[in-house]
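Following: one structure in structure tokens, then a few remarks.
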Amino acid sequence: MFIHKVNETTAFKIPEERDAATLLEIVENNRTEFGQWLPWVKDMYSADDEQAFIKNGRQRMLPVLSGLRPSCIVITLLACLICIKSARNIIAVKLATGWPAAAKERAL
1 MFIHKVNETT AFKIPEERDA ATLLEIVENN RTEFGQWLPW VKDMYSADDE QAFIKNGRQR
61 MLPVLSGLRP SCIVITLLAC LICIKSARNI IAVKLATGWP AAAKERAL
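For the record, in the sequence shown the residue sitting at position 71 is 71 according to UniProt numbering, with numbers rising by one throughout.
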């Protein structure tokens, strides 16, 4: 399992299939907002959908994690990263705490 600790309360991890229910709940609670930036959101309606998405993403990441491809490919899984805020709370990282919204505003 890949986990990158940011600070005492925050860490990034590549989701595992067992995270599907939690991630689906996050998607359901933020569907409209996430849908502006993440085209796959419209296809996530069940834990099975989320598990398939995670499994596919992890298979695509295997060459990166094993050092066979450059790590810049990690960007393809940015939307899958989750932030572990504390032992009790797991929340979605909104693409690096909202930078797409700021980028959209600047682009206008």
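The beta carbon of each residue, even a glycine, is placed where N, CA and C say it ideally should be.
Straight-line gap, residue i to residue j (C-alpha atoms, nearest Å)
i	j	result
I84	F12	Caution applies to I84, whose pLDDT of 35 falls short of 50 and renders its modelled position unreliable; the value that the coordinates give is listed next. Near 7 Å, if we compare the C-alpha coordinates of F12 and I84.
E33	A21	19 Å
L23	M44	10 Å
T10	I3	10 Å
S46	V6	30 Å
P15	V41	16 Å
A52	W37	20 Å
Q59	E50	14 Å
G57	G35	18 Å
D19	P39	20 Å
8 Å Cβ cutoff met for residue i and residue j
i	j	result
K55	E17	yes
**OP:** Starting from the N-terminal side, write out each stretch of the alpha helix (DSSP H) that is 4 residues or longer and does not extend beyond the segment 4 to 72.
**Re:** Listed in chain order, they are 20 to 29, 31 to 35, 47 to 65.
Subject >> the segment 55 to 64 in contact with the segment 23 to 43 per 3-pair CB rule at 8 Å >> reply: Counting C-beta pairs closer than 8 Å gives fewer than three between the segment 55 to 64 and the segment 23 to 43, which falls short of the contact rule.
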